[in-house]
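Report on the following structure.
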Amino acid sequence: MTKAAVPGATAFSARWLTPLVIGTLLNAVNSSMIAVTLVPIGRDLGVGATHTVWLVTVLYLTTATAQPVMGRVVDTLGARRVLTAGLVAVMAAGLLGALAPDFWTLLAARILLGVGTATGFPAAMAMVRARTEETPSRALSVLATSTQASMAVGPTLGGLLVGIGDWRWTFAVNVPVAAVGLILALKWLPPDEPVGRGAARSPLDLVGIGLFTLTLTTLLLFLMGPGGLGSLFLGTGLLAGAGLVVWELRTRDPFLDLRALATNRPLVATYLRQGSGYLVIYAFLYGYPQWLSESRHLPEAAIGLAMLPMSITTVALSALGARLVGSVRTRLVLTAGALLAGSVALLSMSAGTAIGLVVAVGLLFGVGQGLSTVANQTVLYAQAPRDRIGTLSGLFRTSQYLGALASTSVLATAYGQEATDAGLGTLALVLTGVAAVLMVMTVADRTRA
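All residue numbers for the sequence shown refer to this note's numbering, where the first residue is 4 and numbers rise by one.
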């Protein structure tokens, strides 16, 4: 682990936090920045929407499995080592993506990007925790707000980069950003203790990780409708899932602590809220720009500007939501209500809808995104046992990634090869249903942080 504690009042300087912020925001900005590049990537590389959506899927699939694993590696090798290695991987992924000659090379770059960016959050949390025994409200707020903000501005940034150059710039930009983070981490973050010192480390549950990855991958392949192989993927996914449950219940140090989840229903409800909420958010974030391009025929730079109201609203409410609405429960209800209203509004969208309404609908999704994570994370901290907060926080992030993965399946089903008005209508119906369930869950859950 990173060398220890500094008094709370002086623990978190701006320069100490800066490399951690860079490390954590890279995953978020890359998850959303690609939303406005899917159409030009498909056009340049000669593939359709059912292919390009995998550029979204693999990042979340990789991160969903790698993030908890990286948390264990951080505990074993040290946060600074893992963070700097991840930043090097991000630089390599950015270069590979910028030079990719075909779709499959680009897909490999996204996988490497997922592994590299998965190191940021667990490394940052470990370093913050090692820095002080007090609750680090300021540090956690800075990390959370920067992550939300970077995800929110991703589509706008992506649109500007594509407008200035082309979609390859959205990969290339990772190289200088990660390089700055690497230099600052080596210069300003304290070195880790030599490997092998400190308390005994828990071994990695490699079997559990493997079964978890196999379950997610095969079930996702089934949901995305891969022709005649659907039955094979479904059967493999169900068998792997059953094996995962049996193994995790028997092993001493499980990758997923199923017993802890089974005995904490309010915590499970929090995971479900986060996952279902982000299914709606990500489906809009990825699906709306595609529709704006293929149905409204807007250029990429204009699409980025059309998504700007969502970005601004998300950033503002991420930073100020707790001050404006003190009750966590009220923020959760507002989240569900905003996502439901936005999904219903999508039902009325068509190629002839006034551009003002097309842009304004993003405000509703911005409210949902801006309020959701901080509110759910506050409830998580109240619900999670102190001795399991690290593991359960990791699963909280995984629930968000699973929502993102589910959103790509919904998009592939709704759009097929092209994002038409009919496809947007199908997407809106699905999102309205999910948001309605989210509203019922939120209102029915009387848990208070």
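Note that CB positions come from ideal geometry on N, CA and C, so glycine has one too. In this text the structure is predicted, and so the values were computed from the model without any measurement.
Quick check on DSSP: helix, strand or coil for residue i?
i      : result
ASP195 : strand
LEU20  : helix
LEU94  : Correcting the residue type first, residue 94 is Met in the shown sequence and not Leu. Helix, per DSSP.
THR216 : helix
PRO312 : helix
HIS300 : coil
THR40  : coil
ASP448 : coil
THR423 : coil
ALA357 : coil
GLY11  : Low confidence applies here, because GLY11 scores a pLDDT of 49, under 50, leaving its location unreliable; read the following figure in that light. Note: GLY11 maps to helix in three-state DSSP.
MET352 : coil
LEU337 : helix
VAL283 : helix
ASP78  : helix
ASP47  : helix
LEU115 : helix
LEU398 : helix
VAL328 : coil
PRO206 : coil
VAL176 : coil
ALA103 : coil
ALA417 : helix
MET4   : Any answer about MET4 is weak, because its pLDDT of 47 lies below 50 and its placement is not dependable; what the coordinates show is given next. If DSSP states are grouped into helix, strand and coil, MET4 belongs with coil.
ALA121 : coil
SER410 : helix
LEU434 : helix
For residue i and residue j, I'd like the C-alpha separation in whole angstroms.
i      : j      : result
TRP19  : LEU232 : 50 Å
GLY278 : SER402 : 5 Å
VAL91  : ALA181 : 7 Å
VAL1   : VAL198 : Here the chain comprises residues numbered 4 to 452, so residue 1 is not present and cannot be evaluated.
THR435 : LEU223 : 22 Å
VAL328 : ALA378 : 10 Å
LEU217 : GLY240 : 7 Å
THR445 : LEU270 : 13 Å
ALA203 : GLU303 : For ALA203, the predicted structure reports a pLDDT of 49, less than 50, and the residue's modelled location is therefore unreliable. A value from the coordinates is still provided. When rounded, the distance between both Cα atoms is 52 Å.
PRO125 : MET73  : 7 Å
SER314 : MET36  : 12 Å
VAL61  : LEU116 : 10 Å
VAL56  : SER16  : 40 Å
SER321 : LEU235 : 43 Å
ALA357 : LEU337 : 26 Å
LEU275 : PHE106 : 33 Å
LEU383 : THR376 : 10 Å
VAL362 : LEU98  : 34 Å
LEU64  : LEU301 : 30 Å
ALA439 : LEU252 : 33 Å
LEU185 : GLY100 : 20 Å
THR79  : ALA133 : 14 Å
PRO206 : GLU297 : 49 Å
TYR285 : LEU110 : 19 Å
SER396 : LEU48  : 38 Å
ALA305 : LEU247 : 46 Å
With C-beta atoms as the reference, is residue i less than 8 Å away from residue j?
i      : j      : result
PRO158 : MET352 : no
VAL59  : TYR291 : no
GLY161 : THR266 : no
LEU209 : THR87  : no
LEU219 : VAL24  : no
ALA417 : GLY426 : yes
PHE287 : THR68  : no
LEU414 : LEU430 : yes
GLY324 : ARG332 : no
LEU192 : ARG83  : yes
ALA31  : MET154 : yes
PRO71  : ASP169 : no
ASP195 : GLY81  : yes
LEU164 : VAL176 : yes
ALA354 : ARG299 : yes
TYR464 : THR66  : Since the displayed the chain opens at 4 and closes at 452, residue 464 lies outside it and no answer follows.
ALA344 : LEU374 : no
ALA339 : LEU441 : yes
GLY89  : THR120 : yes
GLY419 : ALA52  : yes
THR122 : VAL178 : no
Using 8 Å as the limit for Cβ to Cβ distance, is residue i near chain B?
i      : result
THR120 : No chain B is present in this structure, which holds just one protein chain.
Minimum length 4: unbroken alpha helix (DSSP H) runs contained in the segment 214-276: Taking only runs of at least 4 residues, the alpha helix (DSSP H) segments lying wholly in the segment 214-276 are 233-253 and 261-265.
Beta strand (DSSP E) runs contained entirely in the segment 123-174, provided each spans 3 or more residues: Secondary structure remark: continuous beta strand (DSSP E) runs of at least 3 residues inside the segment 123-174: none found.
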